[in-house]
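So the structure is just underneath, and the comments pick up after that.
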Amino acid sequence: MGRKQMFAIRKKILNKDKSEKKMKDNETKTEKRKRHEDPAAAEYEERAVKRVKQVHSNMYLSHNMALGPPYRVLVDTNFINFSMQNKMDMIQGVMDCLYAKVTICVCSCVIAELEKLGDKFKVALRCAKDPRFERLHCGTTYADDCIVNTVTQFPVYIVGTADKDLKRRLRKIPGVPIMYISKHRYTVERLPDAYGAPNE
Numbered sequence: 403m404g405r406k407q408m409f410a411i412r413k414k415i416l417n418k419d420k421s422e423k424k425m426k427d428n429e430t431k432t433e434k435r436k437r438h439e440d441p442a443a444a445e446y447e448e449r450a451v452k453r454v455k456q457v458h459s460n461m462y463l464s465h466n467m468a469l470g471p472p473y474r475v476l477v478d479t480n481f482i483n484f485s486m487q488n489k490m491d492m493i494q495g496v497m498d499c500l501y502a503k504v505t506i507c508v509c510s511c512v513i514a515e516l517e518k519l520g521d522k523f524k525v526a527l528r529c530a531k532d533p534r535f536e537r538l539h540c541g542t543t544y545a546d547d548c549i550v551n552t553v554t555q556f557p558v559y560i561v562g563t564a565d566k567d568l569k570r571r572l573r574k575i576p577g578v579p580i581m582y583i584s585k586h587r588y589t590v591e592r593l594p595d596a597y598g599a600p601n602e
C-alpha cells in the first residue's frame with residue numbers, strides 16, 4: 403500500500419469521526435429545543451456560559467502582580483543538575499538575571515529525587531542542601547507534581563526547570579514565569595521585569 407493510499411484511509415477515518423460528532427451535537431441541540439417550546443429560550447441556554455474558572459486576585463490579564471523583589475525561585479532536579487554541569491553559581495547567576503535579591507527554594511521531594519539518583523548526582527545533592535537555600539516540606543513523592551501544585555496554590559514563585567514536560571504543564575498555568583538555562587546563562591520567560599535576562 404502506497405503513501406497516498408494510507409493518507410487517504412486516515413483522512414477518511416478522521417472525517418468519519420468528525421461527521422459522527424457533528425451528528426451527535428445536532429441531536430443534542432434538537433433535544434434541547436424540544437424541551438423548550440420557545441426556540442429563543444433554547445438558543446439562549448446553548449449560548450450561556452456555564453462556568454468560568456476563578457482566577458487569583460493578583461492576576462492582571464496574564465501578568466502576576468504578586469511577583470516582585472525579593473523573588474522566590476522554586477528549582478527542579480534538572481535545573482540544579484544542569485547548573486552544576488555548566489559550572490554556574492546558582493544564587494549569583496539568578497541575581498544577575500533578575501537584577502534583584504533572590505531566595506532559592508528547594509522542595510524536599512527534589513532532594514529525595516537527587517538522593518535516589520545516587521553517586522552520579524552527589525555534587526547536585528550537596529548544592530541542593532546548601533544552607534542558603536530555603537527548604538519547602540511537602541507530602542508528595544513526585545517532584546513535578548509537587549512543583550505544579552505549589553505554584554497553583556501559591557503563585558509567588560518563579561519556577562527554575564530544564565524539563566520540557568514540566569515547562570509544558572507550567573505554561574498552562576497563568577502568571578507563572580519559567581527560568582531555564584540558555585547559552586550558559588539563566589533566562590526567564592513570561593516575566594517582563596527581568597532586565598538581566600538575555601533576549602532570545
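Counting with my numbering, you get residues 403 to 602 for the letters of the sequence shown.
Cβ atoms here follow ideal geometry from the backbone N, Cα and C, with glycine treated the same way.
Cut-off 8 angstroms between Cβ atoms - residues of its own chain near residue i, not counting five sequence neighbours on either side
{"i": "Met497", "result": "Lys503 and Val504"}
{"i": "Val550", "result": "Leu568, Arg571, Leu572 and Ile575"}
Residue(s) in a DSSP beta bridge with residue i
{"i": "Cys540", "result": "According to DSSP, Cys540 bridges with nothing at all."}
{"i": "Ser584", "result": "Arg587"}
{"i": "Cys507", "result": "Leu476 and Glu536"}
{"i": "Ile560", "result": "Val475"}
Option in the options with minimal Cα separation from residue i
{"i": "Asp478", "options": "Ile583, Lys522 and Pro533", "result": "Ile583"}
{"i": "Asn488", "options": "Arg570, Ala564, Gly577 and Leu572", "result": "Ala564"}
{"i": "His539", "options": "Gly404, His586 and Leu476", "result": "Leu476"}
{"i": "Lys522", "options": "Phe484, Val550, Tyr544 and Arg537", "result": "Phe484"}
{"i": "Gly470", "options": "Gly577, Ile493 and Ser510", "result": "Gly577"}
{"i": "Gln494", "options": "Arg587, Phe556, His465 and Val558", "result": "Arg587"}
{"i": "Pro594", "options": "Lys585, Lys566 and Ile560", "result": "Ile560"}
7 angstroms Cβ shell around residue i - same chain, five flanking residues per side excluded
{"i": "Ala530", "result": "Ile482, Val508, Val512, Ile513 and Leu516"}
{"i": "Ile575", "result": "Val553 and Thr554"}
{"i": "Arg537", "result": "Val508 and Ser510"}
8 angstroms contact criterion, which residue i and residue j should meet: CB distance rounded
{"i": "Leu500", "j": "Gly562", "result": "With 8 angstroms as the limit, Leu500 and Gly562 do not qualify as a contact, their Cβ atoms being about 11 angstroms apart."}
{"i": "Glu591", "j": "Pro600", "result": "That pair is no contact at about 12 angstroms."}
Burial state of residue i (16 or more Cβ within 10 Å)
{"i": "Tyr544", "result": "exposed"}
{"i": "Leu519", "result": "exposed"}
{"i": "Met384", "result": "Residue 384 is absent from the structure shown; the chain starts at 403 and stops at 602."}
{"i": "Ala526", "result": "buried"}
{"i": "Ile415", "result": "exposed"}
Beta-carbon proximity list for residue i, same chain, < 6 angstroms, skipping 5 on both sides
{"i": "Cys548", "result": "Cys509, Cys511, Cys540 and Thr542"}
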